[in-house]
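Presented below is the structure to which this report refers.
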Ligand SMILES: Nc1ncnc2c1ncn2[C@@H]1O[C@H](COP(=O)(O)OP(=O)(O)OP(=O)(O)O)[C@@H](O)[C@H]1O
Ligand SMILES: [Mg+2]
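In this note's numbering, the protein residues as written are 1 to 505.
This is the structure in C-alpha cells:
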C-alpha cells in the first residue's frame, strides 16, 4: 500500500542557501515519524512545503499514492494536513476558542459568528489536552507553553490526517510534555499520522516509530523503531563526537560578588527573596513553570514595572530603574520569549548583534560598519550561527539559529552578569554543547552567569550551584555536590531537603 504521504526529490533554495537538496520523506498511516537534524538542517523548510507556505523548485508530493500540488495553506488543510509551527503566530487579544477556529468560524443563520458553538466545540478539546481554563480566556494571558497546547487543540479541531508538530514541546513543562505524548499515542491509535520535530531526543526515542534525519539539507538516513536510540540519532545528525562534560566545581571566588536583596516581582508581591553569586559562578535557577523565576530576573534588571530589587555588584550598590541602567552596569538578560523580547526579526544579524551597544561601534558620531560587521562575524563564528552572512535577515534564519543571535548580541558586550532564561530551548545538541562551553568561558573570565532552565539535565549539567524556587520564593540552595534531580524536585514542590542550604532571610 502506498504511504499516506510522500515527498520525493524535494529541493528548495533561498538566496545564498540551499535549504533542501533532493530530500525524500514518507509517512505511513498512524505512524509517528520523528524528523531530526541540527539547527538549520532544513526540517522546518521541508514541513513548510507540506504546509503550503513554500513552493519547492523540484520534487513531487503524493497523498495516498496520487500526485498532489500544494499551492497554499488552504490546499494543505484540504488534504488533511495540520501544521503546528515552531514560531507561534497567535492573536493575543482574541480568546482561546477564537484562535482555535480562526478563519473557519461556524456561522449562524444570520451569517454571524456562532460564539456559543465555538466555545462549546473548544471546551472538550481543551479538556482533552488537560488545559484547565475557560475557552474565553484571552490568549495573551496564557504562558507560551499553554499557547502551544492551544495550537495542538487547533490541529485536533481540524480532524487532520497528518499533524506536523515543529518543536511542540520546546516550552512545555514536564507534565505538559507527558500529556502531549499521551495525546500523540491516542491520535496514533485513531490512525492519525504525526510528523514530530524535536531537539529533545528523549521524547523522540519515547514516541517515534521511525526517525528520519536531515543534515545540511539532505537526507542523512533513517532509523527503524528497533534502531532508535539517543546515540544513533546524534551520530546521524552530526557525524562527530560531542563533548558533553558536566561543569566541575567552581574555583570558589569572592562569594558575594553579586548580591541581590529584597527582590520582588509584580506577580508575587508578597514574596521577597535574596541571593548571592560569586565571580566565575554559574548559578542555576530551578523550579516548576510559574514558580516566578523569570519574573525575578526581570525585576532584577528593571524590566518589571511592578517589581524591585536591591542589587550590588563588587560591593557597589547599583541603581536599576530601567533595563538601560542594568545594561550600563553590564548586567544583561537574555529573555525567555526571544522572538518577542529579544530580537528584531526584520533586521539583519549584524544589526541585532550590535543594537544593544551601538555607541561602541561609533566614532565621531558615525557608525563604523566595518567594526559592526567584525563584531557580528565574531559571534557568528563563536556560536556557529548558520547564516549566509551578517546581512541576512534574522527572520530568515532557522529557529535555533535565531536563538543563537539573541544570545550572541549580549555575549558581544562582555557582560559582568549574564542572565539566561531558557538558553537552549530549540537548540540542537551540538550547539548546546557549544553554548555551555561559552557560558563556562564567560564564567572563567570572572563574570556571573545565571541560568533559568526547565531542562533538569541542563541545569545539573551546567550549574555550579542551584537555587530552587517554589511559588515566588527560594526554597533552598544546592551546592555542587547536592545538585541531584531528586533534591531539585523536592525543593521545587516546596518540600525541605536536608542537604540544602536554607534561603537567606
Ligand atoms: N525564508 C527564508 N529565507 C532565506 N533562508 C531561509 C528561509 N527559511 C529558511 N532559510 C534557511 O534554510 C536553512 C534551513 O532552515 P530551517 O528553518 O528549515 O532549519 P531547521 O532544520 O528547522 O532548524 P531549527 O532546528 O533551528 O529549527 C537555514 O540555513 C535557513 O537559514
Ligand atoms: Mg525549525
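Think of the CB as a built atom: it goes at the ideal place given N, C-alpha and C, for glycine as much as any other residue.
Residue interval of the beta strand (DSSP E) (run including residue i)
{"i": "residue 221", "result": "218-224"}
{"i": "residue 469", "result": "465-470"}
{"i": "residue 419", "result": "417-421"}
{"i": "residue 311", "result": "308-313"}
{"i": "residue 66", "result": "66-68"}
{"i": "residue 7", "result": "5-14"}
{"i": "residue 283", "result": "282-287"}
{"i": "residue 19", "result": "17-27"}
{"i": "residue 82", "result": "81-84"}
{"i": "residue 34", "result": "32-36"}
{"i": "residue 263", "result": "258-264"}
{"i": "residue 109", "result": "No beta strand (DSSP E) contains residue 109, which DSSP labels as neither H nor E."}
{"i": "residue 274", "result": "273-277"}
{"i": "residue 318", "result": "316-318"}
Chain-order list of residues whose beta-carbon lies under 6 Å from that of residue i (same chain, five-residue window excluded)
{"i": "residue 48", "result": "54"}
{"i": "residue 256", "result": "276"}
{"i": "residue 119", "result": "97 and 135"}
{"i": "residue 72", "result": "52"}
{"i": "residue 26", "result": "3 and 6"}
{"i": "residue 156", "result": "125"}
{"i": "residue 326", "result": "301, 302 and 320"}
Residue i versus residue j: straight-line alpha-carbon distance, rounded
{"i": "residue 147", "j": "residue 366", "result": "43 Å"}
{"i": "residue 373", "j": "residue 476", "result": "44 Å"}
{"i": "residue 78", "j": "residue 108", "result": "23 Å"}
{"i": "residue 123", "j": "residue 152", "result": "13 Å"}
{"i": "residue 86", "j": "residue 168", "result": "7 Å"}
{"i": "residue 489", "j": "residue 467", "result": "12 Å"}
{"i": "residue 422", "j": "residue 65", "result": "42 Å"}
{"i": "residue 221", "j": "residue 297", "result": "43 Å"}
{"i": "residue 200", "j": "residue 350", "result": "30 Å"}
{"i": "residue 202", "j": "residue 230", "result": "7 Å"}
{"i": "residue 285", "j": "residue 484", "result": "13 Å"}
{"i": "residue 206", "j": "residue 283", "result": "31 Å"}
{"i": "residue 184", "j": "residue 291", "result": "28 Å"}
{"i": "residue 506", "j": "residue 57", "result": "There is no way to answer for residue 506, as the model of the chain reaches only from 1 to 505."}
{"i": "residue 331", "j": "residue 114", "result": "50 Å"}
{"i": "residue 358", "j": "residue 375", "result": "11 Å"}
{"i": "residue 204", "j": "residue 28", "result": "17 Å"}
{"i": "residue 426", "j": "residue 455", "result": "12 Å"}
{"i": "residue 1", "j": "residue 19", "result": "31 Å"}
{"i": "residue 278", "j": "residue 328", "result": "20 Å"}
{"i": "residue 228", "j": "residue 363", "result": "56 Å"}
Continuous alpha helix (DSSP H) stretch holding residue i: start and end
{"i": "residue 102", "result": "Neither: residue 102 is in no alpha helix (DSSP H) and is coded neither H nor E."}
{"i": "residue 482", "result": "Neither: residue 482 is in no alpha helix (DSSP H) and is coded neither H nor E."}
{"i": "residue 57", "result": "No alpha helix (DSSP H) contains residue 57, which DSSP labels as neither H nor E."}
{"i": "residue 123", "result": "115-128"}
{"i": "residue 75", "result": "73-78"}
{"i": "residue 513", "result": "Not covered by the structure: residue 513. The range shown for the chain is 1 to 505."}
{"i": "residue 151", "result": "144-157"}
{"i": "residue 46", "result": "43-50"}
Contact set for residue i: own chain, Cβ-Cβ below 7 Å, skip 5 residues either direction
{"i": "residue 149", "result": "129, 131 and 176"}
{"i": "residue 17", "result": "388"}
{"i": "residue 342", "result": "334, 335 and 406"}
{"i": "residue 287", "result": "293, 468, 469, 470 and 492"}
{"i": "residue 487", "result": "478, 497, 499 and 500"}
{"i": "residue 409", "result": "352, 353, 355 and 356"}
{"i": "residue 377", "result": "390"}
{"i": "residue 506", "result": "As displayed, the chain neither begins before 1 nor continues past 505, which places residue 506 out of reach and without an answer."}
8 Å Cβ shell around residue i - same chain, five flanking residues per side excluded
{"i": "residue 91", "result": "98, 99, 102 and 139"}
{"i": "residue 23", "result": "7, 9, 10, 11, 42, 46, 59, 214, 217, 218 and 219"}
{"i": "residue 442", "result": "411, 415, 418 and 449"}
{"i": "residue 494", "result": "470, 471 and 475"}
{"i": "residue 237", "result": "36, 37, 38, 41, 213, 215, 220, 428, 429 and 430"}
{"i": "residue 347", "result": "355, 393 and 394"}
{"i": "residue 133", "result": "96, 126, 142 and 146"}
{"i": "residue 69", "result": "61 and 75"}
{"i": "residue 385", "result": "349, 379, 397, 401, 404, 405 and 408"}
Ordered list of beta strand (DSSP E) runs contained in the region 322-401, each at least 3 residues: 331-334
Three-pair Cβ contact test at 8 Å for the region 255-272 versus the region 301-317: Contact check between the region 255-272 and the region 301-317: three or more CB pairs, one atom from each, fall below 8 Å, which counts as touching.
State whether the region 210-223 contacts the region 20-38, with contact taken as three or more CB pairs (one from each stretch) at a distance under 8 Å. Short answer: they touch.
Would the region 191-199 count as touching the region 147-162 if we require 3 or more Cβ pairs under 8 Å? yes
Jot down the residue ranges of each uninterrupted alpha helix (DSSP H) in the region 161-231, minimum 4 residues, whole runs only, in chain order. 174-189 and 201-207
Inter-stretch contact at 8 Å, needing at least 3 Cβ pairs: the region 382-401 / the region 431-446: yes
Suppose only complete runs of 4+ residues qualify. What are the alpha helix (DSSP H) ranges in the region 402-455, listed by chain order? 429-444
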